[in-house]
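Asker:
There are 2 protein chains.
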Amino acid sequence: KKQVVVIGLGRFGSGVARSLYNLGHDVLAMDVNDDRVQSMMGQVTYPVSGNATNETVLKELGVPDYDAAVVAVGSDIPGSVMACVLLKTMDIPYIVARATNELHGITLERIGVDKVIHPESEMGVRLAHNLFNPNLQEYLEMAPNFGLSRMKVPPQFVDKSLKELGFSSPRDKYGLAVLAIRRGNDVTLNPDIDDRLRSGDMLMLAGRDELLERLPS
Amino acid sequence: KKQVVVIGLGRFGSGVARSLYNLGHDVLAMDVNDDRVQSMMGQVTYPVSGNATNETVLKELGVPDYDAAVVAVGSDIPGSVMACVLLKTMDIPYIVARATNELHGITLERIGVDKVIHPESEMGVRLAHNLFNPNLQEYLEMAPNFGLSRMKVPPQFVDKSLKELGFSSPRDKYGLAVLAIRRGNDVTLNPDIDDRLRSGDMLMLAGRDELLERLPS
Ligand SMILES: Nc1ncnc2c1ncn2[C@@H]1O[C@H](COP(=O)(O)OP(=O)(O)OP(=O)(O)O)[C@@H](O)[C@H]1O
Ligand SMILES: Nc1ncnc2c1ncn2[C@@H]1O[C@H](COP(=O)(O)OP(=O)(O)OP(=O)(O)O)[C@@H](O)[C@H]1O
Numbered sequence: 001k002k003q004v005v006v007i008g009l010g011r012f013g014s015g016v017a018r019s020l021y022n023l024g025h026d027v028l029a030m031d032v033n034d035d036r037v038q039s040m041m042g043q044v045t046y047p048v049s050g051n052a053t054n055e056t057v058l059k060e061l062g063v064p065d066y067d068a069a070v071v072a073v074g075s076d077i078p079g080s081v082m083a084c085v086l087l088k089t090m091d092i093p094y095i096v097a098r099a100t101n102e103l104h105g106i107t108l109e110r111i112g113v114d115k116v117i118h119p120e121s122e123m124g125v126r127l128a129h130n131l132f133n134p135n136l137q138e139y140l141e142m143a144p145n146f147g148l149s150r151m152k153v154p155p156q157f158v159d160k161s162l163k164e165l166g167f168s169s170p171r172d173k174y175g176l177a178v179l180a181i182r183r184g185n186d187v188t189l190n191p192d193i194d195d196r197l198r199s200g201d202m203l204m205l206a207g208r209d210e211l212l213e214r215l216p217s
Numbered sequence: 218k219k220q221v222v223v224i225g226l227g228r229f230g231s232g233v234a235r236s237l238y239n240l241g242h243d244v245l246a247m248d249v250n251d252d253r254v255q256s257m258m259g260q261v262t263y264p265v266s267g268n269a270t271n272e273t274v275l276k277e278l279g280v281p282d283y284d285a286a287v288v289a290v291g292s293d294i295p296g297s298v299m300a301c302v303l304l305k306t307m308d309i310p311y312i313v314a315r316a317t318n319e320l321h322g323i324t325l326e327r328i329g330v331d332k333v334i335h336p337e338s339e340m341g342v343r344l345a346h347n348l349f350n351p352n353l354q355e356y357l358e359m360a361p362n363f364g365l366s367r368m369k370v371p372p373q374f375v376d377k378s379l380k381e382l383g384f385s386s387p388r389d390k391y392g393l394a395v396l397a398i399r400r401g402n403d404v405t406l407n408p409d410i411d412d413r414l415r416s417g418d419m420l421m422l423a424g425r426d427e428l429l430e431r432l433p434s
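So the sequence lines, in the order shown, correspond to chains A and B. Quick note on the working numbering: the first sequence kicks off at 1 and runs consecutively. Quick note on the working numbering: the second sequence kicks off at 218 and runs consecutively.
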């Protein structure tokens, strides 16, 4: 269990903060904007109103003892840089900051931030890579040209079993293995190939990328 | 080779446009802002100044014949929705739109957009999942709080079997299932729990997120 401070509760920062909390860590979520702080109540350990460029505030909150910091401030570039410099002076072991543009990113690297993220452009590149494989809702590469993909069950699969559809093994019709099925919020690993699929089910399929690309849409 | 129109050349849109062009597709990149259009010269097939809520403009540019559209407009929600509705009326086979908040996303789904992306919050969730474990290289969500992660075998696991390590089943020590092992460029699904792991192996682990989080780093 680690202690993390997340500064800036926009879409990126609140996403990081909530997820870290759900993963079991202690999350201090800070923002100058009261409404944003309020909306994090119950979703993080400790939502607090404050300005991260204020060294006293950070010290009073015990930030120097934290394991990591995520600076998710967006458009206020000087503020973002100043907060990162303060965190560096406090010797926070691991600092991640999001950059708004190229120059912002270079500046953050120069001041010693451990990891710089450009969330929008990184997601843009990711989208470009799976735009024409719409069934590959999510993709995780296992090896070059071999991966795992999450596929929403199309209408024509409903009420049929994996065996009937040709998914009983990688030697069957589609050349893919179904490693798991998600139904509602439950995940069944190594599913029964005679079970009938239902509308809304998601299949976790593993196999060669070119075979994943041939799934029906 | 496909024809794609990317509307909105902010960080997300320009990332998508450039990558698609680099992947070999024909990219029409549109924005109302001339400077942004100019900066895409040479990075996409055809950067054009225009307003995507103008049906005439879209038709004159041949957009109805395109294979896909990406609406990467950010803060102008009505504009984003209107552009998507126009694209739907033109029967574009595949439309992806980025949403600025939850309600925007729901609206886009309701009007029939094929895929809605929340780039910042999705990157935030991703960051949270690998913040403390550089070994957890990739993460794929199977269900809320349940996922699959690719983990590089740390030195202390080398020469030990999955059984010895506590990975023989989700009821074992780590509470995780090893769905596959990658060794070199080969992937073995449903691996033998008595096989000894080697340096450089990658494990595909499935289970509750908080348990994935407890893996050694
Ligand atoms: N010095 C600061 N201390 C604390 N919070 C700050 C500071 N400066 C900015 N913030 C907060 O950071 C948050 C994110 O910044 P902003 O909204 O400018 O970025 P954004 O690019 O829209 O973010 P996102 O893309 O993550 O939604 C805002 O809620 C803002 O109030
Ligand atoms: N109707 C429209 N037609 C074409 N382009 C548009 C239209 N409306 C907005 N845009 C453009 O969309 C781009 C992205 O929008 P905006 O800058 O509001 O979003 P953003 O959230 O900052 O984007 P990003 O996070 O991708 O950087 C802008 O360059 C803007 O000029």
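Every residue gets a Cβ at the ideal spot worked out from N, C-alpha and C, and that includes glycine.
1) Measure the beta-carbon distance from ILE7 (chain A) to MET30 (chain A) and round it to whole angstroms, keeping in mind my assumption that it falls under 8 Å.
2) For GLY219 (chain B), return the contacting residues in chain A, with the cut-off set at a CB-CB distance below 9 Å.
3) Should GLU213 (chain A) go down as buried or exposed, given a rule of 16 or more other Cβ atoms within 10 Å for buried?
4) At what residues does the alpha helix (DSSP H) containing LEU205 (chain A) begin and finish?
5) I want to know whether the region 372-379 of chain B touches the region 355-364 of chain B - three or more CB-CB distances under 8 Å.
6) If you follow the beta strand (DSSP E) that PRO264 (chain B) is part of, which residue opens it and which one closes it?
7) Would DSSP call LEU365 (chain B) helix, strand or coil?
8) So the candidates are A:TYR66, A:SER19 and A:LYS59; which of them puts its Cα closest to the Cα of VAL5 (chain A)?
9) Tell me the DSSP secondary structure of SER80 (chain A) in three-state form.
10) For the region 324-349 of chain B, enumerate the residues whose C-beta is nearer than 9 Å to any C-beta of chain A, in chain order.
11) At which residues does the alpha helix (DSSP H) containing MET340 (chain B) begin and terminate?
12) Between B:SER416, B:ARG399, B:GLY329 and B:ARG253, which lies nearest to ARG228 (chain B) when the distance is taken from Cα to Cα?
13) Is the shortest distance between the beta-carbon of MET142 (chain A) and the beta-carbons of chain B less than 8 Å?
14) Let me check you understand the geometry: is the CB of SER75 (chain A) closer than 7 Å to at least one non-hydrogen atom of ligand 1?
15) Hey, is ALA72 (chain A) close to ligand 2, as in C-beta under 7 Å from one of its heavy atoms?
16) Going by the CB atoms, is the gap between VAL178 (chain A) and MET204 (chain A) shorter than 8 Å?
17) Report the rounded CA-to-CA distance for LEU344 (chain B) versus GLN220 (chain B), giving the unit in angstroms.
18) Are the region 14-28 of chain A and the region 82-89 of chain A in contact at 8 Å, needing three or more beta carbon pairs?
19) Have a look at PRO216 (chain A) and PRO154 (chain A) and give me their C-alpha separation to the nearest angstrom.
20) Along the chain, where does the alpha helix (DSSP H) that runs through ILE323 (chain B) open and close?
21) Taking DSSP's pairing of strands, which residues face ILE181 (chain A) in a bridge?
22) Cβ closer than 8 Å: which chain B residues qualify as neighbours of GLU138 (chain A)?
23) With distance defined between alpha-carbon atoms, name the residue in B:VAL404, B:ASN352, B:VAL342 and B:LEU382 nearest to ALA72 (chain A).
24) Give a yes or no on whether 8 Å exceeds the smallest Cβ distance from PRO146 (chain A) to chain B.
25) At a threshold of 7 Å, does ARG18 (chain A) count as lining ligand 1 (C-beta to nearest heavy atom)?
26) Considering only residues of the same chain and omitting the five flanking positions on each side of HIS335 (chain B), which have a CB-CB separation below 7 Å?
27) Are the beta-carbon atoms belonging to ILE312 (chain B) and LYS305 (chain B) less than 8 Å from one another?
28) Report whether the distance from the Cβ of THR53 (chain A) to the nearest heavy atom of ligand 1 is below 7 Å.
29) Go to GLN354 (chain B), then tell me how far its beta strand (DSSP E) extends in each direction, as first and last residue.
30) Any chance the CB of VAL244 (chain B) is under 7 Å from a heavy atom of ligand 1?
31) Distance check for THR270 (chain B) and SER297 (chain B), CA to CA, integer angstroms please.
32) Using a C-beta to C-beta distance shorter than 9 Å, which residues of chain A count as neighbours of MET421 (chain B)?
33) What did DSSP end up calling SER161 (chain A) once you bin it into helix, strand or coil?
34) When you measure from the CB of PHE229 (chain B) to every non-hydrogen atom of ligand 4, does any distance come out below 7 Å?
35) What do you reckon, is the C-beta of VAL223 (chain B) under 7 Å from a heavy atom of ligand 2?
36) I need the DSSP call for LYS59 (chain A), collapsed to helix, strand or coil.
Answerer: Quick look at the numbers:
1) 5 Å
2) The amino acid occupying residue 219 (chain B) in the given sequence is Lys; Gly does not appear at that position. Chain A residues near LYS219 (chain B): LEU131 and PHE132.
3) exposed
4) Taken as a continuous stretch (DSSP letters only), LEU205 (chain A) belongs to no alpha helix (DSSP H), being part of the beta strand (DSSP E) at 202-208.
5) no
6) 263-266
7) strand
8) A:TYR66
9) helix
10) ASP331, LYS332, ILE334, HIS335, PRO336, GLU337, SER338, GLU339, MET340, GLY341, VAL342, ARG343, LEU344, ALA345, HIS346, LEU348 and PHE349
11) 336-347
12) B:ARG253
13) yes
14) yes
15) no
16) yes
17) 32 Å
18) no
19) 8 Å
20) 319-327
21) A:THR188 and A:LEU203
22) LEU357 and GLU358
23) B:VAL342
24) Looking at the sequence shown, residue 146 (chain A) is not Pro but Phe. Yes, PHE146 (chain A) counts as interfacial toward chain B.
25) no
26) ALA316 and GLY322
27) yes
28) yes
29) 353-360
30) no
31) 8 Å
32) LEU140, MET142, LEU148, LEU179 and ALA206
33) strand
34) By its list of ligands, the structure shown excludes ligand 4, since it contains just ligand 1 and ligand 2.
35) no
36) helix
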